[in-house]
């Protein structure tokens, strides 16, 4: 049930390639080793003028990507490290970003606080 919410700060005149979202879902599904239809990806486009970093002006080539991951339960640190390495590589490649522009956040366990189709994750 992994769910990825991906905020993409678009660079000037940038658009997503037609198959980018599906490729992201397939890559994440491979990293998490989930069956078809069990890894979800939602893209949140962020126009350039809605992103800022304190005390700096970003170059037009910079396009940060912030990925929030919701899983049934947060895996142990060594597994997170492996997932982060593989996801960062895949996301950077698909979205044409340097690795240092991809940022990943693991959300708290979904167990007991998230429901799908009216059923609480147990």
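In the working numbering, the protein residues as written are 73 to 194.
Cβ atoms here follow ideal geometry from the backbone N, Cα and C, with glycine treated the same way.
For this session: Mark residue 100 as exposed unless 16 or more other C-beta atoms lie within 10 angstroms of its C-beta, in which case mark it buried.
Result: buried
Problem set entry | Residue range of the beta strand (DSSP E) that includes residue 117 | 112-118
Problem set entry | Length at least 4, wholly inside the region 79-162: the alpha helix (DSSP H) runs in chain order | 92-104
Exercise. Grouping DSSP H, G and I as helix and E and B as strand, with all else coil, what is residue 166?
Worked result: helix
For this session: Note the first and the last residue of the continuous beta strand (DSSP E) segment covering residue 175.
Result: 174-178
Exercise. Whose C-alpha, out of 184, 189, 138 and 190, is nearest the C-alpha of residue 171?
Worked result: 138
Exercise. Where does residue 102 land, buried or exposed, given buried means 16+ other C-beta within 10 angstroms?
Worked result: exposed
For this session: In angstroms with no decimal places, state the Cα-to-Cα distance between residue 93 and residue 114.
Result: 8 Å
Problem set entry | Close beta carbons around residue 106, own chain, < 7 Å, minus the five adjacent residues each side | 74
For this session: Flag this pair as yes or no: are the beta carbons of residue 177 and residue 145 separated by less than 7 Å?
Result: no
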